[in-house]
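This report concerns only the one structure given below.
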Amino acid sequence: YYGEIESVMCQLSYHVERDPRPDGSDYERTDDGGAILLQFQSGAQGVITASAVCYEDTPFGQTHHMEFHGSGGTIYAFVDWDTVQEVRGARVGEGMIHDLPIPEEIWGKARRDTVHNTYKDVFREHDFMARGWITAIVEGGEPEPTFAEALHVQKVIAACQLSAKEDRRVRIDEV
Numbered sequence: 054y055y056g057e058i059e060s061v062m063c064q065l066s067y068h069v070e071r072d073p074r075p076d077g078s079d080y081e082r083t084d085d086g087g088a089i090l091l092q093f094q095s096g097a098q099g100v101i102t103a104s105a106v107c108y109e110d111t112p113f114g115q116t117h118h119m120e121f122h123g124s125g126g127t128i129y130a131f132v133d134w135d136t137v138q139e140v141r142g143a144r145v146g147e148g149m150i151h152d153l154p155i156p157e158e159i160w161g162k163a164r165r166d167t168v169h170n171t172y173k174d175v176f177r178e179h180d181f182m183a184r185g186w187i188t189a190i191v192e193g194g195e196p197e198p199t200f201a202e203a204l205h206v207q208k209v210i211a212a213c214q215l216s217a218k219e220d221r222r223v224r225i226d227e228v
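For my numbering, add 53 to where a residue sits in the sequence shown, where the first one is 1.
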């Protein structure tokens with residue numbers, strides 16, 4: 054855990070030419086890519102990048118890569134949106150990076166033949182993530198994440214938008 058996000062610096066890009074809408078009008082301009090530098094209260098930094106224009110020859114035209122590095126170890130996650138869903142990593146003292154099996158209780162009854170089937174099962178058949186959040190609210194339970202945590206995420210997003218607009222670092226407590 055790196056601690057709470059203290060500030061962000063964000064740049065957004067708008068560079069993809071788009072054909073007009075069927076009625077001839079322009080589509081509303083949205084971000085084609087973005088890069089965020091996160092500053093945590095602990096002093097650690099994080100980087101998030103996203104792009105709508107990266108070429109990937111996969112069934113869904115995308116891959117997801119995540120890296121987490123800390124003083125206690127490293128984790129890499131990779132999804133090709135076809136058949137590869139892997140987590141690799143090592144703690145300090147364990148040696149080289151190696152496969153980290155995902156426990157059966159995490160998978161539940163989700164199919165693992167293709168990534169898309171896993172995705173469909175997790176989001177449509179199990180009470181995980183957004184579906185679990187809504188179920189908790191409907192049943193009068195405490196949703197995870199909480200409303201306070203969701204508000205904090207919205208503040209981080211608002212800080213990113215302000216940073217991109219004003220081309221400066223923005224502290225989360227400013228928004």
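Yeah, the Cβ is synthetic: ideal placement off N, Cα and C, and Gly gets one too.
Since the structure is predicted, the reported quantities are computational estimates derived from the model, not experimental observations.
Next item on the list: Starting from the Cα of Ser-124, find the closest Cα among Gln-138, Gly-146, Thr-136, Thr-116 and give me that residue.
Entry: Gly-146
Next item on the list: Pick helix, strand or coil for His-205, following the three-state DSSP scheme.
Entry: helix
Margin query: Pull the bridge partners of Asp-152 from the DSSP assignment, please.
Written below: Arg-141
Margin query: Helix, strand or coil, according to DSSP, for Thr-136 in the structure here?
Written below: coil
Next item on the list: Enumerate, from N- to C-terminal direction, the unbroken alpha helix (DSSP H) stretches of 4 or more residues contained entirely within the segment 172-223.
Entry: 182-191, 200-219
Notebook entry, point to check: Is Glu-227 helix, strand or coil by DSSP?
Noted result: helix
Notebook entry, point to check: Is the Cβ-Cβ distance between Ser-60 and Ile-210 less than 8 angstroms?
Noted result: no
Next item on the list: Could you tell me the distance, in whole angstroms, from the CA atom of Thr-199 to the CA atom of Ser-95?
Entry: 23 angstroms
Next item on the list: May I have the straight-line CA-CA distance separating Arg-144 from Arg-71, to the nearest angstrom?
Entry: 46 angstroms
Item checked: DSSP bridge partner residues for His-118 (one or two, in chain order) -> Phe-131
Note to self: Applying the 10 Å Cβ sphere with the 16-neighbour rule, what's the burial state of Leu-91?
What the structure shows: buried
Checklist line | Nearest-angstrom Cα separation, counted from Phe-176 out to Thr-188 | finding: 12 angstroms
Check: Below 8 angstroms, can you find three or more Cβ-Cβ pairs linking the segment 74-84 to the segment 106-126?
Finding: no
Margin query: In whole angstroms, give me the CA-to-CA distance for Tyr-54 and Glu-178.
Written below: 30 angstroms
Check: Just the Cα atoms here: how many angstroms apart are Gly-87 and Ala-103?
Finding: 5 angstroms
Check: What are the residues that DSSP puts in a beta bridge with Ser-104?
Finding: Gly-86
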